[in-house]
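A quick write-up on the structure given underneath.
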Amino acid sequence: MSLPALPRRYHAASIWLLYAIGFVPAAWTFYLGATGQLIGNPVKIFEHLLGEWALRFLILTLMISPLRDLAGINWLRYRRALGLLAFWYVAMHFLAYMILDKRLAVDVIFEDITKRWFITIGMAALVMLIPLALTSNRFSIRRLGPAWSKLHRLIYPVAALGALHFCLAVKVIGPEQLIYAGLVAVLIGWRLVRPKYMEWKRSIGHAKGRTREASGL
Numbered sequence: 002m003s004l005p006a007l008p009r010r011y012h013a014a015s016i017w018l019l020y021a022i023g024f025v026p027a028a029w030t031f032y033l034g035a036t037g038q039l040i041g042n043p044v045k046i047f048e049h050l051l052g053e054w055a056l057r058f059l060i061l062t063l064m065i066s067p068l069r070d071l072a073g074i075n076w077l078r079y080r081r082a083l084g085l086l087a088f089w090y091v092a093m094h095f096l097a098y099m100i101l102d103k104r105l106a107v108d109v110i111f112e113d114i115t116k117r118w119f120i121t122i123g124m125a126a127l128v129m130l131i132p133l134a135l136t137s138n139r140f141s142i143r144r145l146g147p148a149w150s151k152l153h154r155l156i157y158p159v160a161a162l163g164a165l166h167f168c169l170a171v172k173v174i175g176p177e178q179l180i181y182a183g184l185v186a187v188l189i190g191w192r193l194v195r196p197k198y199m200e201w202k203r204s205i206g207h208a209k210g211r212t213r214e215a216s217g218l
């Protein structure tokens, strides 16, 4: 049973709606923090929320292909938006750390990046995301050709680094960290077995086609 298809004329509007909804958690939490409605350390709460949503959007980006391959749900049009939302949340996460948390103390920031492993890993993920964000447009797809697909496979190590960063950022790894890390591991695993699965799926389709031809249907 497949989901009803969205009329083509609504595709662009639905993508912009996704962007609008995607930024709601950041805007709402920033508002709560700015108005003194967050209990505890509002800067840390805001910073951690941005990082967690970045990881969520990375996972959602990676889920687009398996959903199409395994369930026939084609949401490919939303993959670019989800990937860009992940990038902006990672960038905001780093800016919140750099400006709100460390107050632009460059020496402290540099020391953190070089000596605290989870920050080093998070920084590496951000650096790897930058070329993906810059080339997430039709011009770059045409310009780079087959190299574009190879470049954008970096999303998988980025997601792995993001999950590792999230696990190492806490003193005790709990169920939440394990769930995110597990999802990323499964999605990376799917990427590795996908070629074999698609080959098997095509062979099944060809076999069914030959059976229909033989039966005269």
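Counting from 2, one number per residue, gives the positions in the sequence shown under this note's numbering. Ideal Cβ positions, reconstructed from N, Cα and C, are used throughout, including at glycine.
Query                                                                                              : Result
CA-to-CA distance, Arg203 to Asn42, given in whole angstroms                                       : 54 Å
Coil, strand or helix - Val185 by DSSP                                                             : helix
Cβ-Cβ separation, Leu56 to Ala164 (assumed contact under 8 Å), whole Å                             : 7 Å
CA nearest to the CA of Trp17, picked from Arg80, Val187, Leu50, Val109                            : Arg80
Check whether His166 and Phe119 have beta carbons under 7 Å apart                                  : yes
Sequence-distant residues of its chain with Cβ nearer than 7 Å to Cys168 (five each side left out) : Ile174, Gln178, Ala182
Selected residue, minimal CA-CA separation from Leu130, among Gly146, Arg154, Glu112, Ile114       : Arg154
Cβ-based burial, Met2 [other Cβ within 10 Å; buried from 16]                                       : Because Met2 sits at a pLDDT of 45, beneath the cut-off of 50, its placement in the model cannot be relied upon, and the point is left open.
Reduced DSSP secondary structure (H/G/I, E/B, other) of Gly190                                     : helix
Given Tyr198 as reference, the closest of Ile189, Leu96, Asp70 once Cα atoms are compared          : Asp70
Touch test, the region 25-36 against the region 62-76, Cβ-Cβ under 8 Å, three pairs minimum        : no
Thr62: first and last residue of the uninterrupted alpha helix (DSSP H) it sits in                 : 43-72
C-alpha distance - Asn138 paired with Arg144, whole-angstrom precision                             : 10 Å
Same chain, Cβ closer than 7 Å to Arg51, neighbours up to 5 away in sequence not counted           : Note that residue 51 is Leu in the sequence shown here, rather than Arg. For Leu51, where only same-chain residues beyond five positions count, the Cβ hits under 7 Å are Ala27, Tyr90, Met93, His94, Ala97.
Own chain, CB closer than 6 Å to Leu86, minus 5 neighbours either side, in chain order             : Gly23, Phe58
CA-to-CA distance, Val159 to Thr136, given in whole angstroms                                      : 16 Å
Collapsed DSSP secondary structure at Met2 in the structure displayed                              : Because the pLDDT at Met2 is just 45, under 50, the model does not fix this residue reliably, and the value given afterwards should be weighed accordingly. Three-state result, Met2: coil.
Rounded straight-line distance, which links the Cα of Ala72 to that of Arg10                       : 24 Å
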